[in-house]
Structure formats: C-alpha cells, structure tokens
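Everything below concerns the one structure shown next.
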Amino acid sequence: MQSITVKAPGRINLIGEHTDYNNGFVLPAAIQKAATVTIEKRVDRLVLMNAVDLNDSISILLEEIKPSEIHWANYIIGVIVQFQKNHNFPTGFSITLKSDIPMGAGLSSSAAIECAVAYALNELFAFGIDKMELALMAQKAEQEYAGVQCGIMDQFASLFGKKDQVVLLDCKTMEYQYFPLLLEDYTIVLFDTQIKHALASSEYNTRRLECEVGVSMIQTKFAQVNCLREANLDMLNECVNASLHPIVYNRCKYVIEEMERTLAATENLVANDLAAFGEKMFATHEGLTKLYEVSCVELDALVAMVKNKKEVIGARMMGGGFGGCTINIVKKTELNKVIVNTSDAYKQKTGKDLVHYIVNIEDGAHITN
Numbered sequence: 019m020q021s022i023t024v025k026a027p028g029r030i031n032l033i034g035e036h037t038d039y040n041n042g043f044v045l046p047a048a049i050q051k052a053a054t055v056t057i058e059k060r061v062d063r064l065v066l067m068n069a070v071d072l073n074d075s076i077s078i079l080l081e082e083i084k085p086s087e088i089h090w091a092n093y094i095i096g097v098i099v100q101f102q103k104n105h106n107f108p109t110g111f112s113i114t115l116k117s118d119i120p121m122g123a124g125l126s127s128s129a130a131i132e133c134a135v136a137y138a139l140n141e142l143f144a145f146g147i148d149k150m151e152l153a154l155m156a157q158k159a160e161q162e163y164a165g166v167q168c169g170i171m172d173q174f175a176s177l178f179g180k181k182d183q184v185v186l187l188d189c190k191t192m193e194y195q196y197f198p199l200l201l202e203d204y205t206i207v208l209f210d211t212q213i214k215h216a217l218a219s220s221e222y223n224t225r226r227l228e229c230e231v232g233v234s235m236i237q238t239k240f241a242q243v244n245c246l247r248e249a250n251l252d253m254l255n256e257c258v259n260a261s262l263h264p265i266v267y268n269r270c271k272y273v274i275e276e277m278e279r280t281l282a283a284t285e286n287l288v289a290n291d292l293a294a295f296g297e298k299m300f301a302t303h304e305g306l307t308k309l310y311e312v313s314c315v316e317l318d319a320l321v322a323m324v325k326n327k328k329e330v331i332g333a334r335m336m337g338g339g340f341g342g343c344t345i346n347i348v349k350k351t352e353l354n355k356v357i358v359n360t361s362d363a364y365k366q367k368t369g370k371d372l373v374h375y376i377v378n379i380e381d382g383a384h385i386t387n
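In our numbering, the protein residues as written are 19 to 387.
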C-alpha cells in the first residue's frame, strides 16, 4: 500500500462539558463534517504537507521535524512526533489535507485533523497501534504542539464515534459505552455565534488550574482525592469556603454537578426520555454561565431565545466557550421556523448573521479509498 485516504469527523458533545480534564464523564458523538487526509509514501525523507482549503503547503525532512510558525501544520507535525517516539518511518510521505469542519465553531476541527493523520499513518506504515493509543497520541500532539491542555474527549470521539449513537466515556478509566440517540421527531442543529473571543485558550488553561487548586484544598481533609471525579459536594463544602474562595468553589461545584448530570442523562436515553435529557442540557448551560463562567453574551442570548419554545427541548453552549456554537434539539417539523426566528432575533441583538449547521451522527475515523 503506497497511499491511503482517511476521513476523521468532528464531534458534538451532548452533555459533560469541561469534565474530561477532571477525569469525569463525557457524552460525545461523531458528526458528518470531517477532515480528510490522503497520505502517500515518498522515496525520499521529505514530509510534504498541503492544506487544500488554505492553499498553503510546507515541507520538512523527517530528521528535522520541529514546531512550525505555520499554525495548521503543527497539528500534523505534533502527530508525526508522537509516532517518532517509538517508531521509525522508513520513508517520507506527502499529506494532502481537506476539511469541511467549520474552524472556531467548537466542533474539534483540530482533533479531526490529528486523528485523520494518526489513523492514516498507522495504517499506511502498518505500525499496529490500537485506536485508544492513537487517541492518546493525538491528544499529546494537541497539548505539546498546539499548546492547549485538552482532555481526551475530542480525539476519542473522532476515532470511536458510531452512527446514531453517543458514547459515554469515563475519562479516568477510559472505559466507554454506547447509547442509542433515538431522535425520531427531533434533529440536532448548531447555532454558530461566529465569534471566538481571544481569551478562549488562556481561560481554558486557567479553568484547569482552578480545578486543580480545588482538588488540593479537598486533599487537606481527603487525601485519597486526586481529581474532581473522586470528590463530591459534601467534600467540597467541607474543604472549600465559598465566601473565601468563591471562584474555586464555583468551578468545582459546576464540574461535580455536571458529572452527576451526565450519568443521569444516559438513564434518560435508555428510557427514551428526550425531554428529561433536554432539561439537563439547559441546566448545564446555566452552570457553564454562572459557575464556570465560560459563556459569553452571544451564547447566552442564543440559549435564552429558544429556552421557552416548546419545539426546542434542550439547548446549551458547547465546547470550550467564549464563542462557538450552541447545540439544540429541535422538533423537525418546526426546524425552519426556529432557524428563521432565532436568526432574526440574533441579528437584531448583535448585528451579526447567524450561521447554523444541521448535524447527523456518523461513524468515527475510517479509510475511504
């Protein structure tokens, strides 16, 4: 095999936001929008990377792989470096990248690129690495080369997604379980604020630190607690004074409650109770806004615009925050009306056009040629 084409999808996360890096639970799904890479073996030691959508390319020798000043290339370079830690590439290769995942919308376009490259390199050079290890390698690439201390959720969802199913991932044990998402009369639509506030990445890392501070405070009385996954509200109330340390308290309270919500939400799916599931989505948004403080005016406005519409049974901001999308579960027969009304209201409030994406839940990374 001299070349291979792999498609790796972006993801949505139905519930379980900002819990992955606290070793908690998440409930993502792969979507139809994806990054596609074609990798072809070369006869020399050169790595040639071509981003079709950006009309940009870069080349570098395998022996000289290092971070690039070209931002998109680092998602690929970071993955190559992970392979080089334990494997030798017998030849160089050319990588052609295309993607229809909107950038900055919170759909994990970067993870999709990393996973497509990792999956393709593993298959093309027959390294025999299993999918879970590929997800961890892609995560490391994001952390070390993109500088985002992300959890495992995005890469896991891109590789492990299944059509019409969500995946409950335990980010502590890496155990996972599929649940059918029987939308039937409903569909998922994302409303994109078209905004990405500059503080998103720095605030993401700050939230991680605030959670770690909370864990260290809980450890003063409960030495066995190594992460918020292992804590509960009683421990938090006993160890973190909400008046003295309101920020740390609120961050931890949100995460602990969100982990409980996520597990309860899977029970709603088993019972095929989409309405109860949707209520938990609204509750998550409230926590992300008031306690975790990663929302923004535009995201809050979009959720408020649909909250009291009977045809919308659940909505919340999705992703890191400070922009990006809200995820909404909407009755199919009312979808166009909801899109038009929400778009008009958003334009009136912000002066911006509202972009929307109707989402289908599809399979994870796979070979297409």
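Even for Gly, the Cβ is constructed at its ideal location relative to N, Cα and C.
{"Query": "Neighbour flag for H89 against chain B, beta carbons, 7 angstroms", "Result": "Looking for chain B here will not work: only one protein chain is present."}
{"Query": "Close-in-space but distant-in-sequence residues of the same chain around Q50 (CB under 6 angstroms, 5 per side omitted)", "Result": "N378, E380"}
{"Query": "Neighbourhood of A260 by C-beta, 6 angstroms cutoff - its chain only, sequence neighbours within 5 removed", "Result": "Y267"}
{"Query": "Completely contained alpha helix (DSSP H) runs for the region 314-359, where each covers 4 or more residues", "Result": "315-325"}
{"Query": "Pair within 7 angstroms by beta-carbon distance, S361 and M335", "Result": "no"}
{"Query": "Residue range of the beta strand (DSSP E) that includes V55", "Result": "46-59"}
{"Query": "Sequence-distant residues of its chain with Cβ nearer than 7 angstroms to I95 (five each side left out)", "Result": "I83, P85, S86, Y163"}
{"Query": "Inter-residue Cα distance where the pair is A129 and G146", "Result": "21 angstroms"}
{"Query": "Close beta carbons around N41, own chain, < 6 angstroms, minus the five adjacent residues each side", "Result": "C189, K190, C245, R247"}
{"Query": "In chain order, each alpha helix (DSSP H) run of at least 4 residues that lies wholly inside the region 166-191", "Result": "171-178"}
{"Query": "Validate contact between the region 180-187 and the region 141-160 using beta carbons, cut 8 angstroms, 3 pairs", "Result": "no"}
{"Query": "The region 318-326 contacting the region 98-116, beta-carbon criterion three pairs below 8 angstroms", "Result": "no"}
{"Query": "Span of the alpha helix (DSSP H) around I95", "Result": "89-102"}
{"Query": "Bridge partners - I376, DSSP secondary structure assignment", "Result": "V207"}
{"Query": "For T114: DSSP bridge partner residues", "Result": "T56, N68"}
{"Query": "Beta-ladder partner(s) of S75, from DSSP", "Result": "N68"}
{"Query": "Per-residue DSSP class, three states only, for Q161", "Result": "helix"}
{"Query": "Nearest neighbour of N354, chosen from E35, G124, F209 [CA to CA]", "Result": "F209"}
{"Query": "Inter-stretch contact (C-beta, 8 angstroms, three-pair minimum) for the region 115-123 and the region 163-174", "Result": "no"}
{"Query": "Secondary structure, alpha helix (DSSP H): runs of 4+ residues fully inside the region 236-263", "Result": "251-257"}
{"Query": "6 angstroms CB neighbourhood of K149 in its chain, flanking five on each side removed", "Result": "L177"}
{"Query": "Supposed close pair V184, A47 - CB separation, criterion 8 angstroms", "Result": "5 angstroms"}
{"Query": "Pairwise C-alpha distance: M19 and R60", "Result": "12 angstroms"}
{"Query": "Inter-residue Cα distance where the pair is E311 and T56", "Result": "40 angstroms"}
{"Query": "Pairwise C-alpha distance: K365 and E193", "Result": "43 angstroms"}
{"Query": "Neighbour-count burial assignment, A156, 16 or more Cβ in a 10 Å radius", "Result": "buried"}
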